[in-house]
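> Below: one structure in structure tokens.
There are 2 protein chains.
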Amino acid sequence: MTTLTEIKPKSHQDTSFEPGLRADARRNQQAVIAAAKKLFAEEGLDAQMPDVARAAKVGVGTVYRHFPTKDDLIAALAGERFVRLAEKAREELEAEDPWEGLCDFIRFSAQIQADDRGLCEVMGSRPEVMGGAAEAVGLEKLCDQLVKRAQRSGDLRKDVEWLEIPMIACALGGITKAHGPGAGRWPRLVEIVIDGLRAPAKSKLPKPLST
Amino acid sequence: MTTLTEIKPKSHQDTSFEPGLRADARRNQQAVIAAAKKLFAEEGLDAQMPDVARAAKVGVGTVYRHFPTKDDLIAALAGERFVRLAEKAREELEAEDPWEGLCDFIRFSAQIQADDRGLCEVMGSRPEVMGGAAEAVGLEKLCDQLVKRAQRSGDLRKDVEWLEIPMIACALGGITKAHGPGAGRWPRLVEIVIDGLRAPAKSKLPKPLST
DNA sequence: AACTATACGGAACTTGGATTCCGTTTGCAG
DNA sequence: CTGCAAACGGAATCCAAGTTCCGTATAGTT
């Protein structure tokens, strides 16, 4: 088959990503992503680049060729998580019970954070990264729809605004990583917050400062 | 050895702290604490030691003589905050309305964190420091009393345990520092959580794993 | 089989920040 | 007024990452 030539312009049937990469490069990129996902999930954002490289059975240089900066790598990983979040949101928008849909979305957001320390830290102290990723997948609009729908059905108190959902998610995330005696108790707090969101409201919320 | 000098009766009338320190040392120590308090409150835990020194109009060496380590300095500052928290807790234990007492304590804990970014970070990612400080002032017992009292009065749902109060405080703290669109909205979340704590419970909380 | 653009590995470099060191200054007891 | 231990200041040192560099290896092509 060496003679044929045919369509040689760039690789064809790509495995669904990154065009024009040499086979080994693609393989390594995947390895790096996989290793990083695991490491950052376990150790948080200060897992080290050399460790990522080692875990991926690759040299540091290779990691840096695919992700020029540690932040780029983090952003890439965060991006994936947000895609999952957005998927979940869309899924719950179809839920028979709008209220349960919203609750499950909240529970889900707490769970993925419980499973990924790096994500917690992004949510908790990287507004820029989080903002970018959220916007990229349209999470904001999705939250808004989730909220409106649950309010229309009468189960969600009327005075919450969509922005409060991501904020709650962040707050819950910060707690899932609790060590010591509090470890593993976070699901209880999720339910407490959910009860607080349920209509009718007992407290009148202070007026938000701006939009 | 120099002849003797024996034990010289430490100077009396100390201004209520650190015995046997030379006057200038005492003064500087205060300056360092004040400067650090401000800097860490504004910039969080990664404010730098040289900056603390500069702000205190003192050399780095001096900072280190009083606090051998950055962590020691942080722990000292955190200690002070926890003293305030404990005071507030005792105060609210006297409140006429047990439920309002608990709520005000929660609001207060959110507020001091909103005013001190460093404290938020200690609460959010320094279990050791926080644990130590909390224990030193007996905060745990105080939370327990606050909880029991509010449950006895029938306003606080029966299924929450004292440990959940500090956890809630941490979660709220993580949110007070929100930038961007969410900034300034945290008091609303505090009220939502409070509503979730109010009896009767709508959700049955998952059973805590251990004690 | 030879060729070359791509990729690779990982030692070396850079940086930012905590901490140390030591010559000088100062409070204060005698 | 002196003497000296207690304090000081801050340049210098150490260290832990992140990031760069460049000689070598290899996929894909002719």
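First to last, the protein sequences are chains D and X.
Take the first sequence: its position 100, counted from the start at 1, is 954 in this note's numbering, and no numbers get skipped.
Take the second sequence: its position 8, counted from the start at 1, is 862 in this note's numbering, and no numbers get skipped.
For each residue, glycine too, the CB sits at the ideal point set by N, CA and C.
#1: Thinking Leu-1026(D) and Val-1001(D) are a contact (beta carbons under 8 angstroms), I'd like their distance in whole angstroms, please.
#2: Examine the Cβ distances between the segment 1011 to 1018 of chain D and the segment 1035 to 1055 of chain X and report whether three or more of them are shorter than 8 angstroms.
#3: Out of Phe-959(D), Met-903(D), Arg-908(D), Val-912(D), state which residue places its alpha-carbon closest to the alpha-carbon of Asp-1044(D).
#4: Using only CA atoms, which one of Ala-968(X), Asp-1009(X), Val-917(X), Ala-988(X) lies nearest to Ala-889(X)?
#5: Indicate whether the contact test is met: 3 or more Cβ pairs, each with one atom in the segment 917 to 933 of chain X and one in the segment 971 to 983 of chain X, closer than 8 angstroms.
#6: Answer yes or no: do Gly-972(X) and Ala-932(X) have a C-beta to C-beta separation smaller than 9 angstroms?
#7: Use the C-beta contact count for Arg-1006(D): other C-beta atoms within 10 angstroms, 16 or more gives buried, fewer gives exposed.
#8: Distance check for Glu-945(X) and Phe-894(D), CA to CA, integer angstroms please.
#9: Could you name the residues of the same chain whose beta carbon sits closer than 7 angstroms to that of Gly-992(X), not counting the 5 residues immediately before and after it, in chain order?
#10: Mind checking which residues open and close the alpha helix (DSSP H) that includes Val-1014(X)?
#11: Is Gly-874(D) buried or exposed, if buried means 16 or more other CB atoms sit within 10 Å of its CB?
#12: Hey, would you say Ala-1023(X) sits closer than 9 angstroms to Ser-963(X), going by beta carbons?
#13: Please report whether the beta-carbon of Glu-1018(X) lies at a distance below 9 angstroms from any beta-carbon of chain D.
#14: Compute the distance between the beta-carbons of Asp-1009(D) and Ala-1053(D), then report whether it is under 9 angstroms.
#15: Pick from Met-903(D), Phe-921(D), Gln-999(D), Lys-924(D): whose alpha carbon is nearest that of Ala-949(D)?
#16: Taking the CB atoms as reference points, tell me whether Ala-1032(D) and Pro-904(X) lie closer together than 9 angstroms.
#17: Is there at least one Cβ from chain X nearer than 9 angstroms to Glu-896(D)'s Cβ?
#18: Under a three-way DSSP split, which group does Leu-973(X) fall into?
#19: Could you check the C-alpha separation between Lys-1061(D) and Asp-951(X) for me, to the nearest Å?
#20: Evaluate Ala-877(X) with the Cβ neighbour count: other Cβ atoms within 10 Å of its Cβ, from every protein chain shown; 16 or more gives buried, anything less gives exposed.
#21: Take the Cβ of Pro-1020(D) as the centre, count every other Cβ of all protein chains shown within 10 Å, and call the residue buried at 16 or more, exposed below.
#22: In chain D, which residues lie less than 8 angstroms from Val-1047(X) when you measure between Cβ atoms?
#23: Could you check whether the Cβ of Thr-856(X) sits closer than 9 angstroms to any Cβ belonging to chain D?
#24: Suppose only complete runs of 4+ residues qualify. What are the alpha helix (DSSP H) ranges in the segment 948 to 998 of chain X, listed by chain order?
#25: Straight-line CA distance for Ile-861(X) to Phe-936(X)?
#26: Using a threshold of 9 angstroms, state whether the C-beta atoms of Ala-879(D) and Arg-919(D) are closer than that.
#27: In chain D, which residues lie with their C-beta within 7 angstroms of the C-beta of Cys-1057(X)?
#28: For a cutoff of 9 angstroms on Cβ pairs, would you count Val-914(X) as touching chain D?
#29: Going by beta carbon distance, what residues of the same chain come within less than 6 angstroms of Ser-870(D), once the five residues before and after it are set aside?
#30: Give the residues from the segment 971 to 995 of chain X that approach chain D closer than 7 angstroms (Cβ to any Cβ), ordered along the chain.
#31: By alpha-carbon positions, which one of Gly-1050(X), Gly-915(X), Glu-897(X) ends up nearest to Asn-882(X)?
Let's see:
#1: For the purposes of this step, residue 1026(D) is taken as residue 172 along the first sequence, with counting starting at 1. For the purposes of this step, residue 1001(D) is taken as residue 147 along the first sequence, with counting starting at 1. Not quite, the Cβ-Cβ distance comes to about 16 angstroms (not below 8 angstroms), so this is no contact.
#2: yes
#3: By one-based count along the first sequence, residue 1044(D) stands at place 190. According to the sequence as given, residue 1044(D) is Val; it is not Asp. Considering only alpha carbons, the answer is Phe-959(D).
#4: Taking the first residue of the second sequence as 1, we reach residue 889(X) at position 35. Taking only the C-alpha atoms, the option nearest Ala-889(X) is Val-917(X).
#5: yes
#6: What you label residue 972(X) is simply residue 118 of the second sequence in a count that begins at 1. What you label residue 932(X) is simply residue 78 of the second sequence in a count that begins at 1. Yes. Within cutoff.
#7: Within the first sequence, residue 1006(D) is the residue found at index 152, counting from 1. By the neighbour-count rule (16 or more Cβ atoms within 10 Å), Arg-1006(D) is not buried but exposed.
#8: Stepping through the first sequence from its first residue, residue 894(D) is reached at position 40. Stepping through the second sequence from its first residue, residue 945(X) is reached at position 91. Each residue's alpha carbon lies about 43 angstroms from the other.
#9: Taking the second sequence and counting its residues from 1, one reaches residue 992(X) at position 138. The answer, listed in chain order, is Ala-940.
#10: In the second sequence, counting from the first residue as 1, residue 1014(X) sits at position 160. Here Val-1014(X) belongs to no alpha helix (DSSP H), and DSSP marks it neither H nor E.
#11: Residue numbering aside, residue 874(D) sits at position 20 when the first sequence is read from its first letter. Looking at its Cβ environment, which holds fewer than 16 other Cβ atoms inside 10 Å, Gly-874(D) is exposed.
#12: For the purposes of this step, residue 1023(X) is identified with residue 169 of the second sequence, where counting begins at 1. For the purposes of this step, residue 963(X) is identified with residue 109 of the second sequence, where counting begins at 1. Yes, Cβ-Cβ distance for Ala-1023(X) and Ser-963(X) is below 9 angstroms.
#13: If you number the second sequence from 1, residue 1018(X) lands on position 164. Cβ-Cβ to chain D under 9 angstroms: yes for Glu-1018(X).
#14: The sequence position of residue 1009(D) within the first sequence is 155, counting from 1. The sequence position of residue 1053(D) within the first sequence is 199, counting from 1. Closer than 9 angstroms, so yes.
#15: Mapped onto the first sequence, residue 949(D) falls at position 95. Taking only the C-alpha atoms, the option nearest Ala-949(D) is Gln-999(D).
#16: Along the first sequence, read from residue 1 onward, the residue named residue 1032(D) stands at position 178. Along the second sequence, read from residue 1 onward, the residue named residue 904(X) stands at position 50. The answer is no: Cβ separation not under 9 angstroms.
#17: Taking the first residue of the first sequence as position 1, residue 896(D) is located at position 42. No, Glu-896(D) does not count as interfacial toward chain X.
#18: For this step, residue 973(X) is matched to residue 119 along the second sequence. Helix, per DSSP.
#19: What you label residue 1061(D) is simply residue 207 of the first sequence in a count that begins at 1. What you label residue 951(X) is simply residue 97 of the second sequence in a count that begins at 1. Those two C-alpha atoms are separated by around 25 angstroms.
#20: As a first step, residue 877(X) must be located in the second sequence, where it is residue number 23. Exposed, since its Cβ has fewer than 16 Cβ neighbours within 10 Å.
#21: If you number the first sequence from 1, residue 1020(D) lands on position 166. Under this definition Pro-1020(D) is a buried residue.
#22: Translated into positions along the second sequence, residue 1047(X) becomes position 193. Chain D residues near Val-1047(X): Ile-1046, Val-1047, Gly-1050.
#23: Against the second sequence, residue 856(X) aligns to sequence position 2. Because Thr-856(X) carries a pLDDT of 38, less than 50, the predicted location of this residue cannot be relied on, and the following value inherits that uncertainty. So no, Thr-856(X) is outside the interface.
#24: 952 to 968, 971 to 979, 981 to 990
#25: Residue numbering aside, residue 861(X) sits at position 7 when the second sequence is read from its first letter. Residue numbering aside, residue 936(X) sits at position 82 when the second sequence is read from its first letter. Confidence is the limiting factor: at Ile-861(X) the pLDDT is only 33, short of 50, which leaves the residue's position unreliable, though a coordinate-based value still follows. Cα to Cα, Ile-861(X) sits roughly 35 angstroms from Phe-936(X).
#26: Residue numbering aside, residue 879(D) sits at position 25 when the first sequence is read from its first letter. Residue numbering aside, residue 919(D) sits at position 65 when the first sequence is read from its first letter. Cβ distance < 9 angstroms, so Ala-879(D) and Arg-919(D) count as in contact.
#27: For the purposes of this step, residue 1057(X) is taken as residue 203 along the second sequence, with counting starting at 1. Looking at the sequence shown, residue 1057(X) is not Cys but Ser. Going along chain D in sequence order, the residues near Ser-1057(X) (Cβ under 7 angstroms) are Glu-1045, Ile-1048, Asp-1049.
#28: On the second sequence, residue 914(X) is found 60 positions in, with the first residue counted as 1. Cβ-Cβ to chain D under 9 angstroms: no for Val-914(X).
#29: Counting from one through the first sequence, the residue named residue 870(D) turns up at place 16. Residue placement at Ser-870(D) is poorly supported in this model, since its pLDDT is 48, which falls under 50; the coordinates still yield a value, given next. Counting only Cβ-Cβ distances below 6 angstroms, and skipping sequence neighbours, we find nothing.
#30: Gly-978, Pro-981, Gly-985
#31: Sequence index remark: in the second sequence, residue 882(X) carries index 28 (1-based). Closest by alpha carbon: Gly-915(X).
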